[in-house]
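Novice:
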Amino acid sequence: IMASRSEEITELIDVFSKSQYRAREVTQSVERIEERCLELFDRDYKYSIIHNTNGDVCGHYPRKIVFLEYESSDNNKESFESTVQISKLQDLVNRSKMARCRGRFVCPVILYNGKHVCRSSTLAGWGELYGRTGYNYIFSGGSDDTFGDAEEVPEADCAVRNNDSQLFDKVRGSDIKLLKYLSVCYICDLMVENKKVKFGLNVTSSEKVDKAHRYADFTLLSVPYPGCEFFREYKDRDYTAEGLVFNWNQDYVDAPLTIPDFFTRNLNINWSEYQSWDLVQQTQNYLKLLLHIINSDDENGLLVHCISGWDRTPLFVSLLRLSLWADRAIHASLEPSEILYLTIAYDWFLFGLVSFLFHLHIYIFFFCFNFLKHIVCDTFSFFHLTIAALNVVDLFSVYHRRKGMPLSSHSVHWNRPLASEERMPNIITEASPLGSFKSSSSSSSNHSDQNVTRTGSTPLAVPGRRVEYARSGSSLSTDYGSWQIVSGCGSIHDLPPVPSESPLPFSFQDEGPNGRMCTFVPDRQVRLEAVRELFLAAYSSTVGLKSSSPSPSGAISGLLEQFARGVGLRGTNAII
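Everything in the sequence shown is counted per the working numbering, starting at 166 for the first residue and increasing by one.
(1) Could you check what DSSP says for I178 in three-state terms: helix, strand or coil?
(2) With H, G and I counted as helix, E and B as strand and the rest as coil, what does DSSP make of S184?
(3) Given a cut-off of 8 Å, decide if I178 and F396 are closer than it, judged by their beta-carbon atoms.
(4) Which residues bound the alpha helix (DSSP H) around E234?
(5) Please classify H378 as buried or exposed, where buried requires at least 16 neighbouring CB atoms within 10 angstroms.
(6) With distances taken Cα to Cα, identify the nearest neighbour of S437 among N431, L422, F428 and Y451.
(7) Can you tell me where the alpha helix (DSSP H) holding L701 begins and where it ends?
(8) Are the CB atoms of S169 and A703 within a distance shorter than 8 Å?
(9) Residue range of the alpha helix (DSSP H) that P501 falls in?
(10) Skipping 5 residues on each side, what residues in its chain have a beta carbon closer than 7 Å to that of V708?
(11) Which term fits K345, buried or exposed, when burial requires 16 or more other beta carbons within 10 angstroms of its beta carbon?
(12) Take every Cβ of the segment 264 to 279, pair it with every Cβ of the segment 434 to 450, and state whether three or more of those distances are shorter than 8 Å.
(13) Return helix, strand or coil for I341, following the three-state DSSP convention.
(14) Classify P273 as helix, strand or coil using the three-state DSSP reduction.
(15) Decide if K376 is buried, meaning its Cβ has at least 16 other Cβ atoms within 10 Å, or exposed.
(16) Does DSSP put S286 in a helix, in a strand, or in coil?
(17) Going by beta carbon distance, what residues of the same chain come within less than 6 Å of K211, once the five residues before and after it are set aside?
(18) In angstroms with no decimal places, state the Cα-to-Cα distance between Q690 and S546.
(19) Identify whether D462 lies in helix, strand or coil by the three-state DSSP scheme.
(20) Distance, Cα to Cα, L699 vs N412?
(21) Using the DSSP secondary-structure output, state which residues sit across from V106 in a beta bridge.
(22) Over what stretch of residues does the alpha helix (DSSP H) that includes T478 continue unbroken?
(23) Is it the case that the Cβ atoms of F481 and L452 are separated by a distance below 8 Å?
(24) If you draw a straight line from the alpha carbon of R495 to that of H457, how long is it in whole angstroms?
(25) Per the DSSP calculation, L468 is bridged to which residue(s)?
(26) Of the residues S498, F514 and F516, which one's Cα is nearest the Cα of D207?
(27) Would a C-beta distance cut-off of 8 Å place G466 and C283 closer than the cut-off?
(28) Using the Cβ count rule (16 or more neighbours within 10 Å means buried), how would you classify N435?
(29) Would you tell me roughly how many angstroms separate the C-alpha atoms of D419 and E200, rounded to the nearest one?
(30) At the level of alpha carbons, what is the spacing between F534 and D492?
(31) Tell whether a beta-carbon distance below 8 Å holds between L432 and L454.
(32) For E503, which residues from the same chain have a beta carbon less than 7 Å from its beta carbon, with the 5 sequence-adjacent residues on both sides left out?
(33) Look at C266 and S473 and say whether their C-beta atoms are less than 8 Å apart.
(34) How is the alpha helix (DSSP H) around S213 delimited, first residue to last?
(35) Round the Cβ separation of K373 and D401 to the nearest angstrom and send it over; I've been treating them as touching at under 8 Å.
(36) In this structure, how does DSSP classify R265 when only helix, strand and coil are distinguished?
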């Protein structure tokens, strides 16, 4: 089974690296990818489909766009009525597609705690807007009903507004309606520019510089992050992100970091130093910010976008999806190979990359999954971000409320020692290397907009006691049959230190022979490192790591050796 799943990932990356997804030109292999994504979404959610047949709405969005309605298992898929009028959503999508660059409209891609995380491109500028409306007018026989019965501009206003303003009122008004229908309140803009300028012309805009302040009802966050061109430097440094700092003094960089105070005061990050952060620090801190936003107490969703929405946007959407999955907060039934497949296929491939820029996109794509080693600690978990001040008993109480699990007799109690038979092992065994990653929740969890009903009593999986302690000077063996735990710093042999402040139940210590303390690998870390290992093995055997010059530090060879020893695989592509 494991071999077939690894082959599935390898085949997916091979397709992804050789062809661009186009909704109107779909091969049989791409159809299989589309169906596999729907199957994986169906495991844990009731969903509806936003139809994009033949790319009629957007040529580089999936033909079947998934709108997740609520968490659900196979047993009760139809237990709740739909939480949205899908026909109205489809209509809003059709009307709003002109508002954003390349027609990449606001699209919901993650459902977490009843909130939608959405992706899109930035706002279209006047050049693209007039070009596309003219194109539609000519090829629709002299009529363009994109906006149909959209709200008219009052006659008094028309006297003082020019045609530009009226057109922007219509298209951006439709965009705002879609955002509000999806309950999106927070807009995170990753552009390093206020507007994208080419040959002296503004080719795109953004919400933060909308002259009419149409997006004043939303909380706008400007979090500038370098685009795919910068990741050529990442590749030239032999895929080493530590110490790689973006040059903020370039002429085109004019977007400042702007974050509301109520999102920064609890993160313990000095945001004024953002221009001195290297790529690792910047990505970590931005991810913490996004996780903090979606873990806020309100019910509002989040939109993440860059310029075109196909490099920086899938980077952070993927990291959000994988981080929440590692905490068992979403996609509860998916194993590491399955969540990796879904993330690559849906977040990257089916939302389209431009073929002539693929040589740049592939570097940020690789960075995304290799970066998982930097977010294994508990400071990225929703436990840490939302309930760091609570004690252990309260922590379990909150977890069970989040997952709809009553605190029953099956729950773990921390005011007494656990009997050995009650400990739930969380290690990779030789017989079933991925078996322990299966979600501990076998019951269903459902919710709707008006009524939230969740059931289940399965306890949270807690790292278990090793049967045998290491001998002669080693407190804990890192060998698991033919598998080994790979630390966040890339070493197979050394377990990274677990912070003493780490909130349970992700990690705990137990006494070994002679009273020695043995540290157990957090569940979150094990899950993320399994995903990363699978990715590195598949990537090496398809795309391969290409070094521009011999690396004295041996960064690439160390990276290859890491997963080769970890999973018993070696890439067929030599490093060139």
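Just so it is clear, CB atoms sit at the ideal spot from N, CA and C, and this is done for glycine as well. Every value quoted in this text rests on a predicted model; they were computed, and no experiment measured them.
Specialist: On the basis of the data shown:
(1) DSSP places I178 in helix when its eight states are reduced to three.
(2) Coil at S184, not helix or strand.
(3) Contact check for F396 against I178 fails: the beta carbons are separated by 8 Å or more.
(4) Taken as a continuous stretch (DSSP letters only), E234 belongs to no alpha helix (DSSP H), being part of the beta strand (DSSP E) at K229 to E236.
(5) Classification for H378: exposed.
(6) Checking every option, the nearest Cα to that of S437 belongs to L422.
(7) Run containing L701: D688 to S705, per the alpha helix (DSSP H) assignment.
(8) Going by C-beta atoms, A703 is not nearer than 8 Å to S169.
(9) Judged by DSSP secondary structure, P501 falls within the alpha helix (DSSP H) whose first and last residues are P501 to L507.
(10) For V708, the CB contacts under 7 Å within the same chain, skipping 5 residues up- and downstream, are I178, S182 and I527 in chain order.
(11) It is exposed - the Cβ of K345 has fewer than 16 other Cβ atoms within 10 Å.
(12) As far as the Cβ criterion goes, the segment 264 to 279 does not touch the segment 434 to 450, which means the pair count is below three.
(13) For I341, the three-state secondary structure derived from DSSP is helix.
(14) DSSP places P273 in strand when its eight states are reduced to three.
(15) Around the beta-carbon of K376, fewer than 16 other beta-carbon atoms lie within 10 Å, marking it exposed.
(16) Residue state, collapsed to three classes: coil.
(17) If you ignore the 5 residues before and after K211, its C-beta comes within less than 6 Å of the C-beta of E234, Y235, S237 and K242, all in its own chain and listed in chain order.
(18) If I take the Cα positions, the gap works out to 11 Å.
(19) D462: coil per DSSP, three-state reduction.
(20) C-alpha separation (whole angstroms): 33 Å.
(21) Missing from the structure shown is residue 106; the chain here goes from 166 to 741 and no further.
(22) Per DSSP, the continuous alpha helix (DSSP H) segment holding T478 begins and ends at R477 to A491.
(23) Their beta carbons are under 8 Å apart, which means F481 touches L452 by this criterion.
(24) It is Ile, not Arg, that sits at residue 495 in the sequence shown. For I495 and H457, the distance between alpha carbons rounds to 16 Å.
(25) The partner list for L468 (beta bridge, DSSP) reads C283 and I352.
(26) The alpha carbon of D207 has as its nearest neighbour, out of S498, F514 and F516, the alpha carbon of S498.
(27) A contact, by the Cβ cut-off of 8 Å.
(28) N435 counts as exposed, since fewer than 16 other C-beta atoms from the protein chains shown sit within 10 angstroms of its C-beta.
(29) Approximately 42 Å, taken between the alpha carbons.
(30) Spanning the two alpha carbons is a distance of roughly 17 Å.
(31) In contact: L432 and L454 (Cβ atoms closer than 8 Å).
(32) By the criterion of a C-beta distance shorter than 7 Å, E503 is surrounded in its chain by L205, once the five residues flanking it on both sides are discounted.
(33) Closer than 8 Å, so yes.
(34) No alpha helix (DSSP H) holds S213; the beta strand (DSSP E) holding it covers Y210 to H216.
(35) Going by Cβ atoms, the distance from K373 to D401 rounds to 32 Å, so no, they are not a contact pair.
(36) Shown here, R265 sits in a strand according to DSSP, grouped into three states.
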